[in-house]
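A.B. asks:
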Amino acid sequence: MRFATLGSGKRIRPILSVLISEAAKGKGRSFALDAGCAIECVHTASLVLDDLPCMDDANMRRGQSATHKKFGEATAILAAIGLLNRAYGIIAENTDAADESKTAALKVLSNAIGSNGMIAGQEIDLHQRSEFRRAPPIEDLNWLKTGVLFVASAHIGAIAAGLDETGVKALKGFAKSVGLAFQTADDLIDQSADPDKIGKDVGKDVGMPTLVSLSGPEAARRSCEEHLEDAENALAGAGLDRIGLAGLVDSIFGSKI
Numbered sequence: 170m171r172f173a174t175l176g177s178g179k180r181i182r183p184i185l186s187v188l189i190s191e192a193a194k195g196k197g198r199s200f201a202l203d204a205g206c207a208i209e210c211v212h213t214a215s216l217v218l219d220d221l222p223c224m225d226d227a228n229m230r231r232g233q234s235a236t237h238k239k240f241g242e243a244t245a246i247l248a249a250i251g252l253l254n255r256a257y258g259i260i261a262e263n264t265d266a267a268d269e270s271k272t273a274a275l276k277v278l279s280n281a282i283g284s285n286g287m288i289a290g291q292e293i294d295l296h297q298r299s300e301f302r303r304a305p306p307i308e309d310l311n312w313l314k315t316g317v318l319f320v321a322s323a324h325i326g327a328i329a330a331g332l333d334e335t336g337v338k339a340l341k342g343f344a345k346s347v348g349l350a351f352q353t354a355d356d357l358i359d360q361s362a363d364p365d366k367i368g369k370d371v372g373k374d375v376g377m378p379t380l381v382s383l384s385g386p387e388a389a390r391r392s393c394e395e396h397l398e399d400a401e402n403a404l405a406g407a408g409l410d411r412i413g414l415a416g417l418v419d420s421i422f423g424s425k426i
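With the sequence shown counted from 1, adding 169 to any position gets you the working numbering.
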C-alpha cells in the first residue's frame with residue numbers, strides 16, 4: 170500500500186481538494202487535507218487495479234514497477250482493497266469536521282467509485298470501448314474513468330470549506346472540465362511520450378478508440394482547449410480566490426486560465 174501510494178505522482182486530485190479550502194480563506198483545511206489523502210488512496214487503488222494483467226497489463230507506474238510486478242497479483246489486489254477501505258476511515262476519523270460534513274463527503278466518494286462512476290468506466294473500457302466509432306461515447310467514458318474523481322475531489326473540498334450550492338456547482342463544473350481535458354491530454358501523451366520521462370507505460374491505447382484516434386491529434390488538442398475554456402468560465406462563477414486553482418491548471422497543462 171505504501172509502495173503504490175508514495176511513488177512519484179502529480180497528486181492533482183488531493184491538491185484540488187486542499188486548494189478549494191485555501192481559496193475559501195482556509196476554511197475546513199484540516200478536513201480538506203484528510204479528504205485529499207482519502208481521495209489519493211482511492212486513486213492509487215484504481216491505478217493498482219488498472220495495471221493488473223487482466224486489465225491494462227502495465228509494467229510501470231509512477232516511475233517504478235507496477236505494484237503487481239513488485240509484489241505479485243494477489244498482494245496488489247489486497248493492497249487496492251486495503252487502500253479503498255482506508256480512504257473511508259481517514260474521512261471518518263477526522264475530528265475537526267461536523268458529522269454531517271463527513272457523511273456528505275463519504276457519500277460523494279462512494280458514488281464516485283461505484284457502479285455509476287469509476288467502476289462503470291473501467292467495465293466499459295474493458296468490454297465496450299473497442300466498439301466505439303464516434304467521439305461522444307469516448308467523452309462519456311473519459312468522464313467515468315477520470316472526470317468523476319476530479320469532480321468528487323472538488324465537491325468534497327467545497328463541503329470542507331462550507332460553500333453554498335452556487336459555489337459547489339461552479340467548482341464541480343470546473344473540475345469536470347479539467348478532468349476531461351486531463352484525460353484528452355493523457356491520450357495525446359500515450360501516443361508519443363517517452364515512458365521513462367512520464368513514469369508509466371505508453372502505447373497502451375494503440376488500436377483502441379480514443380479522441381486522438383477517432384478525431385486526430387489536432388482535433389483532440391482543440392477539445393482539450395475547449396474544456397479548459399469551460400473550466401475558466403466555471404471558476405469565474407465560484408466567487409473564490411482563483412489564483413491557486415488557476416495555478417494548478419497551469420502546472421498541469423502549461424496554459425493559464
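Note that beta-carbon positions come from the ideal geometry of N, C-alpha and C, so glycine has one too.
A400 and S322: beta carbons closer than 7 Å?
C.D. replies: no
A.B. asks: In this structure, how does DSSP classify K425 when only helix, strand and coil are distinguished?
C.D. replies: Residue placement at K425 cannot be trusted, given a pLDDT of 43 that sits under 50; what the coordinates show is reported in the next sentence. Correct three-state label for K425: coil.
A.B. asks: Please tell me whether A405 and I189 are closer than 7 Å, where the distance is taken between their beta carbons.
C.D. replies: no
A.B. asks: Tell me the rounded alpha-carbon separation between N263 and R182.
C.D. replies: 19 Å
A.B. asks: Report the rounded CA-to-CA distance for A245 versus A173, giving the unit in angstroms.
C.D. replies: 9 Å
A.B. asks: If you follow the alpha helix (DSSP H) that E209 is part of, which residue opens it and which one closes it?
C.D. replies: R198 to D219
A.B. asks: Can you tell me which residues form a DSSP beta bridge with Q352?
C.D. replies: Partner(s): none; Q352 has no beta bridge.
A.B. asks: By alpha-carbon positions, which one of M170, A192 and G178 ends up nearest to L340?
C.D. replies: A192
A.B. asks: Please classify L380: is it buried, with 16 or more other beta-carbons within 10 angstroms of its beta-carbon, or exposed?
C.D. replies: buried
A.B. asks: Could you check the C-alpha separation between I426 and L417 for me, to the nearest Å?
C.D. replies: Interpretation of I426 is limited by its pLDDT of 43, a score under 50 that renders its predicted location unreliable; no figure is taken from the coordinates.
A.B. asks: Name, in chain order, the residues that DSSP records as bridge partners for S234.
C.D. replies: M229
A.B. asks: Since R391 and L357 should fall inside the 8 Å C-beta cutoff, what is the C-beta to C-beta distance between them, to a whole number of angstroms?
C.D. replies: About 11 Å; that fails the 8 Å criterion.
A.B. asks: Below 8 Å on the Cβ atoms is my guess for D203 versus I293; work out the distance and round it to an integer in Å.
C.D. replies: With a Cβ gap of about 31 Å, D203 and I293 do not count as contacting.
A.B. asks: Report all residues from its chain with a CB closer than 7 Å to the CB of R298; omit the five preceding and five following residues, and keep chain order.
C.D. replies: L310, M377 and P378
A.B. asks: The alpha helix (DSSP H) that contains M287, what's its start and end?
C.D. replies: Annotation: the continuous alpha helix (DSSP H) that includes M287 extends over M287 to H296.
A.B. asks: What's the C-alpha gap between G336 and R231?
C.D. replies: 33 Å
A.B. asks: Relative to the alpha-carbon of A407, which residue among F422, L332 and P386 has its alpha-carbon at the smallest distance?
C.D. replies: L332
A.B. asks: Can you tell me which of Y257, L383, D220 and A289 puts its alpha carbon nearest to the alpha carbon of G205?
C.D. replies: Y257
A.B. asks: Tell me which residue opens and which closes the alpha helix (DSSP H) that P378 is part of.
C.D. replies: For P378, there is no enclosing alpha helix (DSSP H), as DSSP marks it with neither H nor E.
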